[in-house]
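Before any comments, here is the structure.
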Amino acid sequence: LNYFAKSLECAAVLESPLVQITSGRGNLDADKSNVWGRSAEALSYLAKIAERYGITFVLEATSAYTSRVNTTKEVRRMIDEVGSPALKGMLDVCQVANAKEDMLDDLKILGDDMLHLHFADGTPLGHYVPGDGKGTLPLEGYIKALDTFGYKGGISLEIYNKIYDLEP
14 LNYFAKSLEC AAVLESPLVQ ITSGRGNLDA DKSNVWGRSA EALSYLAKIA ERYGITFVLE
74 ATSAYTSRVN TTKEVRRMID EVGSPALKGM LDVCQVANAK EDMLDDLKIL GDDMLHLHFA
134 DGTPLGHYVP GDGKGTLPLE GYIKALDTFG YKGGISLEIY NKIYDLEP
């Protein structure tokens, strides 16, 4: 919690309007409802701090090894449960594919709360550079879904993969 509170302070100094966050995971064998409740409580606490700074958290669904919010419906549920104007949603195309979701459906689920997108290629995970031949995601279809939805928010390339450490 202190790490993210400090991140909000840094974002305010840098005049960054958004800070990405995930829900946390808890132990993999922990009861999901208990982990969910702790995550909602922590996100509520942090959202109040974000409100004071005028910053918005964008909550990302990730694989089960990274957090316990793994689908866009769960992002929507967490946003609704926290109920803060400082908590919105984002998508990562690799997790959209990993969760076997439809991009346009996900955009509709988040609606006006969709504020950021991680764009990369994958198999479905991997976060490969688009066009490098390593990924298999339907990237053109994702772009078409964004156009159909009328998405106007930010897009960042999330291309971190250890294979690029020695050969960027």
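Under my numbering, the first residue of the sequence shown carries the number 14, and numbering increases by one thereafter.
Here a beta-carbon is modelled for each residue, glycine too, at the ideal position from N, C-alpha and C.
#1: Count the CB pairs spanning the stretch 96 to 104 and the stretch 70 to 84 that are closer than 8 Å, and state whether there are at least three.
#2: What is the residue span of the beta strand (DSSP E) that P69 lies within?
#3: Does DSSP classify D105 as helix, strand or coil?
#4: Name the DSSP beta bridge partners of I168, please?
#5: Measuring straight from C-alpha to C-alpha, what distance separates D134 and S20?
#6: Run the CB neighbour count on Y173, radius 10 Å, all protein chains shown included, and call it buried at 16 or more, exposed below.
#7: Three-state secondary structure (DSSP) at L100?
#8: Please state if the CB of P30 and the CB of I68 are separated by a distance shorter than 8 Å.
#9: Express the C-alpha separation of S36 and L56 in angstroms, rounding to a whole number.
#10: With distances taken between CB atoms, is the gap from H129 to G154 smaller than 8 Å?
#11: My output table needs one value for Y173: the three-state DSSP class, helix, strand or coil.
#12: Just to confirm my understanding: we take T84, look at its own chain, exclude 5 residues before and 5 after, and list those with CB closer than 6 Å. What are they?
#13: Could you tell me whether the Cβ atoms of T136 and G146 are closer together than 8 Å?
#14: Please report how far the alpha carbon of L152 lies from the alpha carbon of G144, in whole angstroms.
#15: Using CA atoms only, rank isn't needed, just tell me which of R81, Y164 and H131 is closest to S46.
So, from the data block:
#1: Counting C-beta pairs with one atom in each stretch, the stretch 96 to 104 and the stretch 70 to 84 have three or more that are closer than 8 Å, which means they touch.
#2: Correcting the residue type first, residue 69 is Thr in the shown sequence and not Pro. It spans T69 to L72 - the beta strand (DSSP E) in which T69 sits, taken as one unbroken run.
#3: The three-state secondary structure of D105, taken from DSSP, is strand.
#4: I168 pairs with L130.
#5: Distance between the alpha carbons of D134 and S20: 28 Å.
#6: Y173 should be labelled exposed.
#7: The three-state reading of DSSP puts L100 in strand, counting E and B together.
#8: In contact: I68 and P30 (Cβ atoms closer than 8 Å).
#9: Cα to Cα, the separation comes out at about 7 Å.
#10: Contact: no.
#11: Coil.
#12: Around T84, the same chain offers A74 and A112 as residues with beta carbons nearer than 6 Å, after the five sequence neighbours per side are excluded.
#13: No, they are not a contact pair.
#14: If you take the alpha carbons of L152 and G144, they lie about 9 Å apart.
#15: For the residues R81, Y164 and H131, the minimum Cα distance to S46 belongs to R81.
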